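Visitor: Quick note: the sequence shown uses this note's numbering, first residue 7, plus one each step. Here a beta-carbon is modelled for each residue, glycine too, at the ideal position from N, C-alpha and C. Since we're looking at a predicted model, the values are computed, not measured.
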Amino acid sequence: MPRALTCPYLIEGFQWLRGNVHTHTTRSDGALTPEETAARYAERGYDFLALSDHDVLTWPVEPPPGLILIPAIEVGGGPHILAVNVEQPISRDQSRQDVLNSIQAAGGLAVLNHPNWETHFDHFPQSVMQQLEDYAGIEIYNGVVEFLEGSALATDRWDRLLSAGKRVWGFAHDDAHHEFAMGRGWLMVQVQDRTRSALIDALREGRFYASTGVTIERIWTEDESVYVHAPDADRIRFYGQWGRMVQEVDSQTAGYRTGGREGTYVRIECLGRGGRCAWTQPIFIEDGDGGQNTAE
7 MPRALTCPYL
17 IEGFQWLRGN
27 VHTHTTRSDG
37 ALTPEETAAR
47 YAERGYDFLA
57 LSDHDVLTWP
67 VEPPPGLILI
77 PAIEVGGGPH
87 ILAVNVEQPI
97 SRDQSRQDVL
107 NSIQAAGGLA
117 VLNHPNWETH
127 FDHFPQSVMQ
137 QLEDYAGIEI
147 YNGVVEFLEG
157 SALATDRWDR
167 LLSAGKRVWG
177 FAHDDAHHEF
187 AMGRGWLMVQ
197 VQDRTRSALI
207 DALREGRFYA
217 STGVTIERIW
227 TEDESVYVHA
237 PDADRIRFYG
247 QWGRMVQEVD
257 SQTAGYRTGG
267 REGTYVRIEC
277 LGRGGRCAWT
287 QPIFIEDGDG
297 GQNTAE
């Protein structure tokens, strides 16, 4: 039976913008002022930035030329939730679902932060993430956890959510508190217009990839196959349901023909030198009659 592939990416008429939506300033526990932080990211060639201080809205801030600033808050009071594109405080003194509801009501989007942080790799328990509704995605890479207990990577958590039917995106962020931690993980977002609203729409719709240093130029589908071109990748891996690797190719361009073994989605990791990586968003797979394909 023919398969229908749902790919979030544009084929033409777009530009890639680089940015980070999780970083801290002196308004909470960061080392640099909001203005200094924005300037450092602008110097690194970033196109957009969110200053997401703990439980305080660092907004408005005058941006350096060429840098789009997005208001954000990291909401504590439990496992941390990133509230992006909110211009009003979000109370930490409520349930995690009520935090998500408040973010949505404020016109923002929510990301569940650093799930594998802390000694037992359980800052955000899997059962809680599975129960929660109305969040855009989770951090699959968090740069500051490279220096802390736990794991900076959380693709294992992502695959479990995707495999259980959640349609959530994967984010990579610095979570920088100091200048030395900047530029470790970022988002590359597909937009047709260089505006804050275009960026937020793209983040909601999954038109971005996460990276620690590998560039992806194009992600596309043809018929029942998924393709990617990453000019500085050495190896490309395709993953399906439950995080099973279904294909590995030593190339900068690769395709994978879906055939049932991958289950309900395919996502791609493009690996480069020095452990660098880029992660696409999942391409969801349904049978031609609209039913989800199931893993064999």
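Below 8 Å between beta carbons: does that hold for residue 216 and residue 177?
Guide: yes
Visitor: Cβ of residue 148 within 7 Å of any heavy atom in the ligand ADP?
Guide: No copy of the ligand ADP occurs in the structure displayed, which carries no ligand at all.
Visitor: Between the stretch 245-265 and the stretch 132-149, do three or more beta carbon pairs fall short of 8 Å?
Guide: no
Visitor: Between the C-alpha atoms of residue 16 and residue 213, what's the straight-line distance to the nearest angstrom?
Guide: 7 Å
Visitor: What do you reckon, are the CB atoms on residue 112 and residue 94 nearer than 8 Å?
Guide: yes
Visitor: Tell me the rounded alpha-carbon separation between residue 80 and residue 293.
Guide: 39 Å
Visitor: What does the alpha-carbon distance come out to for the pair residue 196 and residue 222?
Guide: Between the alpha carbons of residue 196 and residue 222 lies a gap of roughly 11 Å.
Visitor: What are the partner residues of residue 194, as DSSP defines its beta bridges?
Guide: 24, 215
Visitor: Which whole-angstrom value is the C-beta distance of residue 323 and residue 191, which I expect to be below 8 Å?
Guide: Outside the displayed range of the chain (7 to 302) lies residue 323, so it cannot be described from this structure.
Visitor: Mark residue 6 as exposed unless 16 or more other C-beta atoms lie within 10 angstroms of its C-beta, in which case mark it buried.
Guide: Beyond the ends of the chain as shown, which are 7 and 302, falls residue 6; an answer cannot be given.
Visitor: By alpha-carbon positions, which one of 242, 200, 187 ends up nearest to residue 260?
Guide: 242
Visitor: What number of angstroms, rounded off, separates the C-alpha of residue 175 from the C-alpha of residue 210?
Guide: 9 Å
Visitor: Grab me the residues of residue 170's own chain with a C-beta within less than 8 Å of its C-beta, minus the 5 sequence neighbours each way, in chain order.
Guide: 136
Visitor: Grab the span of the beta strand (DSSP E) containing residue 271 for me, first residue to last.
Guide: 271-277
Visitor: Could you tell me how far apart the beta carbons of residue 219 and residue 282 are, in whole angstroms, since I believe they sit closer than 8 Å?
Guide: 3 Å
Visitor: Across which residues does DSSP place residue 305 in a beta bridge pair?
Guide: Residue 305 is absent from the model: the chain starts at 7 and stops at 302.
Visitor: With a threshold of 8 Å on Cβ separation, who are the neighbours of residue 155 within its own chain once the five nearest residues in sequence on each side are excluded?
Guide: Here the set comprises 123, 124, 125.
Visitor: May I ask which residues mark the beginning and end of the alpha helix (DSSP H) holding residue 263?
Guide: No alpha helix (DSSP H) contains residue 263, which is instead part of the beta strand (DSSP E) from 259-263.
Visitor: By DSSP, does residue 77 sit in helix, in strand, or in coil?
Guide: Look at residue 77 here: in three-state DSSP terms it is strand.
Visitor: Residue 130: buried (16+ other C-beta within 10 angstroms of its C-beta) or exposed?
Guide: buried
Visitor: Could you have a look at residue 105 and say whether DSSP puts it in helix, strand or coil?
Guide: helix
Visitor: Mind checking whether residue 87 and residue 116 have CB atoms under 8 Å apart?
Guide: Cβ atoms of residue 87 and residue 116: closer than 8 Å.
Visitor: I want to know whether the stretch 40-48 touches the stretch 265-284 - three or more CB-CB distances under 8 Å.
Guide: no
Visitor: Just the Cα atoms here: how many angstroms apart are residue 54 and residue 284?
Guide: 19 Å
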